[in-house]
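J.: Heads up: the protein sequence lines correspond to chains A and B, in order. In terms of our numbering, the first sequence opens at residue 262 and continues consecutively. In terms of our numbering, the second sequence opens at residue -13 and continues consecutively. The beta carbon of each residue, even a glycine, is placed where N, CA and C say it ideally should be. In this text, all values refer to a predicted model and were calculated from it rather than measured experimentally.
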Amino acid sequence: MKLEKTHYIIIALIAGLAIGLPVMTFVGYSVGQQSAQPPMMIYSGSTTVKPIMENYSIHYYRSTGTQIIGYDVTGSGHAPQQLAAGVADFGVMSRALKPTEWNGTKYTGYFVNWTIAIDCLSIVIGSGVNATGWMVNGITSGWNTTGFNFTQVQAIYNGTAGKWDNASWGLFGPSQKIVLVGREEGSGTRDYFEEKVLGFAPNYDQLFQTNPGVQGYVSGFTGQYAIGYVGLGFLTGFGNAQGQPNVVPISLDGYLVNHIYPSATAAQDGTYPVARPLFFVTSHSATLPRKASMGENVYSFLTWCLGPIAQEKLLGLGFVPVDQATLNAQFDNLTQSW
Amino acid sequence: MSENIEPEFNPLEFKESLKSRKIRRISNLAIKIILFSTAILATIMVFLIIINLFIQAVPALKNLSEILTSDVWHPTTNQFGAVTIIIGTLLSTMLALIIAVPISLGAAIFISELAPKKIKTVLKTATELLAGIPSIIFGFFGYLFLSEVLYKNLDIELANNWAVASIILAIMIMPIIISVANDAIDAVPREIKEGSCAIGATKWQTISKVTLPAGRSGIIAAIVLGMGRAMGETMAVAMTIGGATRIPIPITNIFESIRTITSTIVTEAGEADPVSLSNLFLLGFILFIIVIIINTISMIISWQIKKIFRPRPQKETMWTKLKQRLEKFKNGLKENQVQILKYSSCGLVFLGFYLIAILGVLSYTYTWQNWGNQFFILQGSQIYRYFALEPLTPAYPITIVTWNLIFGTIIVGILVLYIRFSPTFNIHAGDLLNILLLDAIIWIFFHVLWGFIYSLIITLLIGVGFIIQKRLSPGFKLSKGTLMKIILAGFGLWVFFSWWGEVWLLIISIIFLGFYIGVNFLKPTHFQYVAYTLLTICMTIVLVALGFILWFVFQGGLQVFINDPEFITRPFIEGGGIPEAFIGSFQLILGTITFAAIIGIPAGIFLADYAKEGKLKSFIVVGIDNLNGTPSIVFGIFGMAFFVNPWDPTRGLVGLNMGISMIAGQITLALMILPTIIRTTEEAVKAVPVGVREGSLALGATKWQTTYKTVLPAAAPGVITGMVLGMGRAAGETAPILFTAATTGTFFLNVLPNKPVMALPTHMWFEYIEAGDESMLFATAIVLLLLTLMFYSIAIVLRSYYKKRLK
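1. May I ask you to list the residues that DSSP assigns as paired with proline 538 (chain A)?
2. Return helix, strand or coil for methionine 225 (chain B), following the three-state DSSP convention.
3. Is DSSP giving glutamine 652 (chain B) helix, strand or coil here?
4. Can you pull out the residues from the stretch 424 to 447 of chain A whose beta carbon lies closer than 7 angstroms to at least one beta carbon of chain B?
5. For threonine 522 (chain B) and valine 630 (chain B), which I take to be in contact (beta-carbon distance under 8 angstroms), what is that distance rounded to the nearest angstrom?
6. Which value, in whole angstroms, describes the spacing of the CA atoms of leucine 76 (chain B) and isoleucine 240 (chain B)?
7. Helix, strand or coil for glycine 214 (chain B) per DSSP?
8. Reducing DSSP to helix, strand and coil, say where lysine 424 (chain A) ends up.
9. Closest to aspartate 452 (chain A) by CA distance: which of A:Ile303, A:Gly326, A:Ser307 is it?
10. Please report the residue range of the alpha helix (DSSP H) in which leucine 91 (chain B) lies.
11. Verify the CB distance criterion: does phenylalanine 372 (chain A) have a CB-CB separation below 8 angstroms to chain B?
12. Starting from threonine 471 (chain A), find everything on chain B with Cβ-Cβ shorter than 8 angstroms and list it in chain order.
13. Check arginine 444 (chain A) in the structure and name its three-state DSSP category.
14. Roughly how far, in whole angstroms, is the beta-carbon of glycine 431 (chain A) from the beta-carbon of asparagine 464 (chain A), given that I think they are within contact range, below 8 angstroms?
15. I'd like to know if the stretch 530 to 550 of chain A and the stretch 375 to 382 of chain A are in contact, where contact means that at least 3 CB-CB pairs between them fall below 8 angstroms.
16. Taking Cβ-Cβ distances shorter than 9 angstroms, what residues in chain A pair up with proline 61 (chain B)?
17. If you draw a straight line from the alpha carbon of valine 334 (chain A) to that of glycine 229 (chain B), how long is it in whole angstroms?
18. Looking at chain B, is there any beta carbon in it that lies within less than 8 angstroms of the beta carbon of glutamine 467 (chain A)?
19. Exposed or buried, what is isoleucine 12 (chain B) when buried is set at 16 or more other beta-carbons lying within 10 Å of its beta-carbon?
20. By the 10 Å Cβ neighbour count, where 16 or more other Cβ atoms means buried, how is glutamine 470 (chain A) classified, buried or exposed?
21. Using a Cβ-Cβ distance under 8 angstroms, would serine 264 (chain B) count as near chain A?
22. On the three-state DSSP scale, how would you describe leucine 683 (chain B)?
23. Closer than 8 angstroms, Cβ to any Cβ of chain B: which residues of the stretch 553 to 586 of chain A, in chain order?
24. Got a sec, what are the start and stop residues for the beta strand (DSSP E) leucine 115 (chain B) sits in?
25. Between the C-alpha atoms of alanine 25 (chain B) and lysine 18 (chain B), what's the straight-line distance to the nearest angstrom?
26. Determine, for glycine 352 (chain A), whether the minimum Cβ-Cβ distance to residues of chain B falls below 8 angstroms.
27. Closer than 8 angstroms between beta carbons: that is the criterion. Which residues of the stretch 131 to 151 of chain B meet it against chain A?
28. List the residues of chain A whose Cβ lies closer than 8 angstroms to the Cβ of serine 228 (chain B), in chain order.
29. Determine, for arginine 11 (chain B), whether the minimum Cβ-Cβ distance to residues of chain A falls below 8 angstroms.
30. Who are the near neighbours of lysine 1 (chain B) in its chain, counting only those whose CB is closer than 7 angstroms to its CB and skipping five residues on each side?
31. Determine, using beta carbons only, whether arginine 215 (chain B) comes closer than 8 angstroms to chain A.
32. Under 8 angstroms between the Cβ atoms of leucine 136 (chain B) and alanine 149 (chain B)?
33. Anyone know if the C-beta pair for threonine 389 (chain A) and glutamine 437 (chain A) falls short of 8 angstroms?
34. Using a beta-carbon distance below 8 angstroms, is threonine 483 (chain A) in contact with chain B?
35. Since tyrosine 317 (chain A) and alanine 571 (chain A) are thought to touch, with beta carbons under 8 angstroms apart, how far apart are those beta carbons, to the nearest angstrom?
36. Of the residues A:Gln476, A:Leu358, A:Arg551, which one's Cα is nearest the Cα of asparagine 594 (chain A)?
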């Protein structure tokens, strides 16, 4: 059996690719090593803040050329831990630092947290519930007059209410099973919702891995009888061709009239109950002023995060910007020494 | 007469030749060692995966009992009860097999026995091509189309559910089952088929009575292989199964949302904290062990196929002696005694099973403290709730039912298979009915209160069953009286079970009735007609299902190609283009094939040319086959733990600190396609005629020179085919690179091996979880589909060309 020309060509092609790639990558690698590596910052901490950081990193890289890379972004507690270990340049947390974490008793080092965003959860229901004359507590239908109190939400999520027409819980919707939609295990949003609103872990019917996933399901046809929760920013842009909302945000105050709906202002001034600040954590020494001790790169990124460009992006990411007074106070704070 | 000239002895030359011989021997040995070490690597990797998963799972081992008994899976509060997850895995696999096995076996029979030769080639090629559709595209089809269609047309509550996932799984494993079963049926010697036809059997009788029984081991191997695949499938399941941690109530509620081990790992491993990660590793470990067991069973069966048609004198072993003794014992018994033995042994097994189940129930009650419900169950007839359409109470403890069901199914399955294939017992359909009824009676034994009337009726029915079985010997014609009895029995069953809401057993009784009537009243040609129709339907279902998926993807994405063709070149961050993902996929594929070829080709050569038949070779082959069957998600988490993680034993991290990087993904993928490369290389090298080798050796070439200069060039097309196949597989895989190489988005093209890349399948996955633009997803799916199918079709064309040349 003899080899033909075509075979040699194929062999040469494959071999060329097989040998060429490592060579190319090696050359690329060495070139990359020689050329000045762009400045890089590493952050650790909460998964809740991760989407913000991932989005910021793109824009920040474009404007300044500094790369921001996550390491050990698995939980708020890891932020001071990695900062103390010197691995991370800054941390991100979905809760405030505990005194033991910042005053030097648990870790060597002094940490400060800065509010860079507000996480506000909105409970949403599907269009099918709304379309069939949705009523709560006897109040007429219409998505802008609906509200729950915490007990009702808990009854819905632990399965006691069962169907949307369970009058004993003040529900007068269609006679359909309430489909409980939630986020996957380990999600910061889910943990916060369960901790703040429910107080228990429900048995969800359908799980999704992101806010848009929940939003997509609840706003779609298949999720018309579903209830779920999403970050406030994902409520924007809802609506079908007739201008009616596919997903209905629910107020959580339990009042009969004048509901407080999830909104940026309500989240900022604390009148809407399911909102929490998200933090940026920096490491300091006891002697140097704050700007000097947190490092030049971190300082400029923090000021960028507190600035208007970054704050405007938050709504698109599903978070709420920080109100101006708090921002100003933090800018003042930046100039102080420890 | 010619003179005998003695060559003059030259000591210097002799020394030289000795020296060169020595060098040759040493270099040959070195080459052999190198080849051997590459071959053993695959087996080592299997052990490495097991050990690594185990090391990662060690922190979770202390709550192993919780994992296996509790049904609360809530990592945030450190509750890791995986009962629902493990059962979900079994349930989804089971339903997928129920759907896929009959259809794909029908299709396999159609391809090998009915289709004309030309169509046969086309169909075989088509099924092979369809095996290459990436799993993420199946998932995409499932969640965008199937779940919505089912939700709209059936009155179901949850769009993503068990049924959707299992249907998708079934479609995915069909090509695998078809091709393996096809080979098994084709391997049945022609002579025995012709013999059957010669004594007057119809073609269908030949197929059903001769060909299928002869090829049964291969068919079982195919089913087991499909089972392993279904169990390890990740992305498609994660996208369609819903994800609720529960067990359906009743267990037949296939529209309930459940989850599997693989979907749990893939959704949670990315952002899990160390404690829950360790529990996920334990789950992965459990899955891997289950899959290894399944694969090994499949392997053992396929080895036996080779032996079946070449019977050898059996060696005297303990096993054969035992068999002979059993045979003697059986022959010494009377017919009645055999019957008694048969039924009592079945009964004992069932009794053991129920004792275990009841013990399980009792032990479970202590942990759950659900006395009220327990009391209720033990009072009522359990069989009702297994298969009833409506549950009696929603708060019914699900675990007991499911454990019972699973144990029951496994034990009944083993029993039926054993009885069916055991040489000592011949079982008929009547026996099956009796066993079923026996099953019911033992059930009743444990539910005395409700079971009194129940047992009376069932006992009567058993009597009927015995009558049926006695009378239905060959040559016996069914009299009208017996028929009436059967119909009456069926009616009784119906009354009884409809009273209990028991549809499942009604269906079974109808099937049995149909079977009896069919056997006694229809002619063989009628059967052939019905059977051929069914086979054709099976084949059509397979082709239509797979064709529809292709059509679905293309109709959705074509518009994007027309309206916005720039998305192929537009950078990702400027509106979701795919150039980075496309190039990233190519980078991954090329690196993968490089690594896989460096290890795989020498290993294949070793297996074909150097390895001697023996324990070591079979050890290596077992390793390679197990690596081949390893679920892709296991590769993913292994890659994460071993390549990506840093070396920090204090935190339980024992990795090579590559970080999430292109090279980590390439190596992980290379491990995955290594078996493909090794096996195809081995086959290609083996296919080179012996004469070629002998010629080379006769000219004085060493073994390695022969291999390198003669055999390898001749085998090159085959080797390349394997490489291209491997590239196709690497292109479509998501789970292995999800935690090792993939990034959600990048703002520059990456050429560095230590940086993460985007790839087409992971890009689709991230777009899916972020509920991205659907039309863009469709377009990406088309690109991915074309890429993988391109590799597969190149491989198929190469191979057929190569085969023709060999002739």
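T.: This is what the structure holds:
1. According to DSSP, which records beta bridges pairwise, proline 538 (chain A) is partnered with A:Ile379.
2. Under the three-state reduction of DSSP output, methionine 225 (chain B) falls in the helix class.
3. Glutamine 652 (chain B) falls in the helix class under three-state DSSP.
4. Taking 7 angstroms as the Cβ-Cβ cut-off, the stretch 424 to 447 of chain A approaches chain B at Lys438, Val440, Glu445, Glu446, Gly447, given in chain order.
5. The Cβ separation is near 50 angstroms, so there is no contact.
6. Rounded to the nearest angstrom, the two C-alpha atoms are 13 angstroms apart.
7. Look at glycine 214 (chain B) here: in three-state DSSP terms it is helix.
8. Correct three-state label for lysine 424 (chain A): strand.
9. Looking at the Cα atoms, A:Ser307 is the closest of the given residues.
10. Residues 69 to 95.
11. So, not an interface residue.
12. Per Cβ cutoff of 8 angstroms: Ile755, Glu756, Ala757.
13. Arginine 444 (chain A): strand per DSSP, three-state reduction.
14. Wrong, their Cβ atoms sit about 22 angstroms apart, outside the cutoff.
15. Contact between the stretch 530 to 550 of chain A and the stretch 375 to 382 of chain A is present: three or more C-beta pairs spanning the two stretches fall below 8 angstroms.
16. Going along chain A in sequence order, the residues near proline 61 (chain B) (Cβ under 9 angstroms) are Glu446, Gly447.
17. For valine 334 (chain A) and glycine 229 (chain B), the distance between alpha carbons rounds to 24 angstroms.
18. Judged by the 8 angstroms Cβ criterion, glutamine 467 (chain A) is in contact with chain B.
19. Exposed is the call here.
20. By the neighbour-count rule (16 or more Cβ atoms within 10 Å), glutamine 470 (chain A) is buried.
21. The Cβ of serine 264 (chain B) sits no closer than 8 angstroms to any Cβ of chain A.
22. Looking at leucine 683 (chain B) - three-state DSSP - the assignment turns out to be helix.
23. The residues in question: there are none.
24. Counting along the chain, leucine 115 (chain B) falls outside any beta strand (DSSP E), though it belongs to the alpha helix (DSSP H) covering 103 to 116.
25. Going from the Cα of alanine 25 (chain B) to the Cα of lysine 18 (chain B) covers about 10 angstroms.
26. Closer than 8 angstroms: no.
27. Residues of the stretch 131 to 151 of chain B with a C-beta less than 8 angstroms from any C-beta of chain A: Ser133, Glu134, Tyr137, Lys138, Glu143, Leu144, Ala145, Asn146, listed in chain order.
28. The question names serine, but residue 228 (chain B) is glycine in the sequence shown. Glycine 228 (chain B) reaches chain A at Asp466, Gln467, Leu468, counting residues in chain order whose Cβ is nearer than 8 angstroms.
29. For arginine 11 (chain B), the answer is no, since every Cβ of chain A falls outside 8 angstroms of its Cβ.
30. For lysine 1 (chain B), where only same-chain residues beyond five positions count, there are no Cβ hits under 7 angstroms.
31. For arginine 215 (chain B), no CB of chain A lies under 8 angstroms from its own CB, so it is not counted at the interface with that chain.
32. Contact: yes.
33. Here the sequence assigns glycine to residue 389 (chain A), which means threonine is not the residue at that position. Glycine 389 (chain A) is a Cβ neighbour of glutamine 437 (chain A), given a cutoff of 8 angstroms.
34. By this cut-off, threonine 483 (chain A) is an interface position.
35. Going by Cβ atoms, the distance from tyrosine 317 (chain A) to alanine 571 (chain A) rounds to 6 angstroms, so yes, they are a contact pair.
36. Just measuring C-alpha positions, the residue of A:Gln476, A:Leu358, A:Arg551 sitting nearest asparagine 594 (chain A) is A:Arg551.
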